[in-house]
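For what it's worth, my numbering labels the leading residue of the sequence shown as 1, then goes sequentially.
Every residue, glycine too, gets a C-beta built ideally from N, C-alpha and C.
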Amino acid sequence: MSNSGISRDSGSADRILRALDSFEIEVPSWGFANTGTRFGKFIQASAATTTEEKLSDAGRVHAFTGCCPSVAVHVLWDFPDGITGVDGVKQAAAQHGVRIGSINPNVFQDQIYKHGSLGNPDPHVRAEAIRHIEDCIEIAGRAGSRDISLWFADGSSFPGTANIRERKKWFAEALHRLHGQLDASQRLLIEYKPFEPAFYHTDIADWGMAYILAQQAGERAKVLVDTGHHYQAQNIEQIVAWLLSENALGGFHFNDRRYADDDLTLGSIDPYQIFRIFAEILYFEWETGRRADIAYMVDQSHNLKNKIEEMIQTASTAQELYAKAALIDFGRLAAFQSRAALVDAEEIYRDAFSTDVRPLLREWRLARGLPEHPLRAFRESGYTEVQEKLRGERNRAQTASYA
Ligand code: PSV
Ligand code: MN
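Rendered as C-alpha cells:
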C-alpha cells in the first residue's frame, strides 16, 4: 500500500503515476485578462493586459502544477503586430517557461462579422475571414503550433433570415480550402456550440455538424468538444466515444457549467461528468493499445476568482479526475459489461471515482520537485501582490474608462 491507501501490488498506484506523467492540459491566454459578462466587467488589479503578462501568469500556473506547459492564444488579442510579432511572443513564452499552443483565429469580433464570417452572405466578408485564418495557419507555422482551433459565432437570430444549406456549403468549401494550406504536422480543430451569440440557428451547432465539416475538409480536420457547448442533459461522454471510434476527436475545451456556456471552473459543478469523459478515453486507449491524439485544453475566463488561483484549481482538478479514471481496471470492466453485470460494472466506476487520489498526486509532485500544494505555494509566492503593484494603476484606469 502507498500512503494513499491505493494498493501498489495491484499496479493501481503505478497506473496513476504513469497517467499523471502523460497528462498535460493547455491554459488559455484569455483566462488571465480582465473579462466580464455582457452585464459588466469586474476589474482585478493583478490581471494581465499584454500578451507578455498573460504568458507570465500562465508560466506561474505551469511552474506550480507542472502540467500546463502550453498556452492557447487568440490571434487578435495576443498578436497585435500580426505575423511580424510571432517571434517575440514565442520568445516571451519561453522566458516564462511555457510555449505557444493552439492558435485561435478570431472571425467574430470585427464589425464586418455582424452577419457571420465563413457563412456571411457577403462574399467579401467570407474572403476576409478566409484570409485571416490563412494568416493564422502561417502564424501557427512560425510559432511551432500544431493546432489551429476554429470557433465560429456564425448563425442567425430570426427564422427565415438565412439560407442554412447555402451557408453549410460555404463553410465546407472554405474549410476544405484552409485544410489544403496546412503543413503535414498541423491540424484544424472544429468547435461546435448550439447557441450564443446566434439565438435561432448556429451554423456549426453540434458535434454531428462539426464532424461532417471535418470529414469534408480533410483527414487532419478533427472535432473539438467544449464541455460547455451542449444542451442540458446531453451525454457528452457518448459523443466522445463516438468521435474516438471514428478517429475524429481532436481536442477539448474544458470548463464546467450549470445553465449554459457558463465557463465555470472545471469540475466545480459536476466532476463525475469529466471523470466519465476521461474514462471513455482511457477505455479506448486500453482497448486499442494506443494513445488517443487529443489536445486537452481549458477554456475558462473568470472575473470573480483570482485568475491564476482558479487556473491552478482547474489543472489540479483535471489531474485528479484523470488519475481517478486511470484507476479503472478496464479488463474487469469489459468482462462485466459483456455479461451485462450491471451493478458490478457500475461499481467499478463508483469505486474509482470515490477514491482519494490526492495523496498520490502529492507524491507525484514531490518526485518532480513541484510543490505538494500548488495553490498554497502560489499564494505564498506573493506573485499576486507584486502584480497588483505593477499592473494595478493601469487596471484601475480601465475601470474608470469602463464606467
Ligand atoms: C466560444 O464560446 C468559445 O468557447 C470559443 O472556444 C472561443 O475561442 C472562446 O470561447 C473564447 O471566446
Ligand atoms: Mn471553447
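Item: Report buried or exposed for I164, applying the criterion of at least 16 other Cβ atoms within 10 angstroms of its Cβ.; Value: exposed
Item: At the level of alpha carbons, what is the spacing between A221 and S245?; Value: 15 Å
Item: According to the neighbour-count rule (16 or more other Cβ atoms, all chains shown, within 10 Å of its Cβ), is H417 buried or exposed?; Value: Nothing can be reported for residue 417: it is not among the residues displayed for the chain, which extend from 1 to 403.
Item: Could you please give the first and the last residue of the uninterrupted alpha helix (DSSP H) stretch that includes I133?; Value: P123 to A143
Item: Check each candidate in L342, G155, H132 and D206 and name the one with the smallest Cα separation from A174.; Value: H132
Item: State yes or no: is the C-beta of W30 nearer than 7 Å to some heavy atom of the ligand PSV?; Value: yes
Item: Taking M297 as the reference, which of D147, I130, I137 and I43 has the closest Cα?; Value: D147
Item: Taking the C-alpha atoms as reference points, what is the distance between Y402 and Y349?; Value: Because Y402 sits at a pLDDT of 47, beneath the cut-off of 50, its placement in the model cannot be relied upon, and the point is left open.
Item: Just to confirm my understanding: we take G88, look at its own chain, exclude 5 residues before and 5 after, and list those with CB closer than 8 Å. What are they?; Value: D81
Item: With a threshold of 16 other CB atoms inside 10 Å of the CB of E191, please say whether the residue is buried or exposed.; Value: buried
Item: Can you tell me whether P69 is buried or exposed? The criterion is at least 16 other CB atoms within 10 Å of its CB, across all chains shown.; Value: buried
Item: Give the DSSP-derived three-state secondary structure of N395 in the structure shown.; Value: helix
Item: Please report the straight-line C-alpha distance between R8 and R362, rounded to a whole angstrom.; Value: 16 Å
Item: Here's the rule: buried if 16 or more other CB atoms are within 10 angstroms of the residue's CB, otherwise exposed. What is E237?; Value: buried
Item: How is the beta strand (DSSP E) around S157 delimited, first residue to last?; Value: Premise fails: S157 is in no beta strand (DSSP E) and is neither H nor E.
Item: Using 8 Å as the cut-off, can you tell me whether the stretch 318–329 makes contact with the stretch 175–184, which would need three or more C-beta pairs spanning the two stretches below that distance?; Value: no
Item: For G250, which three-state DSSP category applies?; Value: strand
Item: Could you tell me which residues DSSP pairs with Y296 in its beta bridges?; Value: F252
Item: Give me whichever residues DSSP pairs with R187 in a beta bridge.; Value: D147
Item: Starting from D344, trace the alpha helix (DSSP H) both ways and give me its first and last residue.; Value: L342 to S354
Item: Quick one: does the C-beta of K193 sit closer than 7 Å to a heavy atom of the ligand PSV?; Value: yes
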